[in-house]
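First comes the structure, then the notes that go with it.
In our numbering, the protein residues as written are 198 to 412.
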């Protein structure tokens, strides 16, 4: 069966993304244009626009489209922004941010995922302003500062080192808490926090809470 990806992409935006209060025209335009199917395994392409997480390997998953839409809207990326992404995954969210901002630096702990994401971006001709580095973000050091930081895996507590990487006026998107009840928040450089929505996603590698032993 041949899938009309353009049609199902439009249906995703109208039936999933908009009803979840994603109303930013620039975000909707990006999600309506970019070929999400090109960033998933061929065996999962028929599911590329459904409201489910998709496996990427190495225990990682691609976020649901609605989560991606809310993430992009919350970050409010501007054409001159420099963005740090923690967790490249498939490279799709990297591509979306690259369309909205000036530059994206994405850190991925798994070399195979980093390489596959690079291939996905290049094949879709969407990676000219996206740089991917293999790194454990929780132990990564830099002197750079960013206008926006996007953490694509959940954390129990927001790592303070990322807040120090924000420029004045910068903002950080992250999903924090303890599964199964987590909260997506936007943390501003001035320390103010905006609650966005509740969800439940996998933890960023190395950021899961320590196991609780009970007698």
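C-beta: ideal position from N, C-alpha, C; glycine also. Values in this document were obtained by computation on a predicted structure and should not be read as measured data.
Inter-segment contact for the segment 252-264 and the segment 322-340 is absent: fewer than three beta-carbon pairs are separated by less than 8 Å. The DSSP-derived three-state label of residue 396 is strand. Take residue 393, set aside five residues on each side of it, and the residues of its chain with a beta-carbon closer than 7 Å to its own are 267, 271, 381, 382 and 383, in chain order. In the structure shown, the three-state DSSP call for residue 303 is strand.
Residue pairing for residue 252: DSSP places it in a beta bridge opposite 258.
With respect to residue 331, residue 311 sits close: the two C-beta atoms are nearer than 7 Å.
Here residue 384 is bridged, per DSSP, to 369 and 390. Distance check between residue 235 and each of 403, 287, 358 and 277 places 287 closest, using alpha-carbon atoms only. Membership of residue 223 in the alpha helix (DSSP H) is indicated by the continuous run 222-230.
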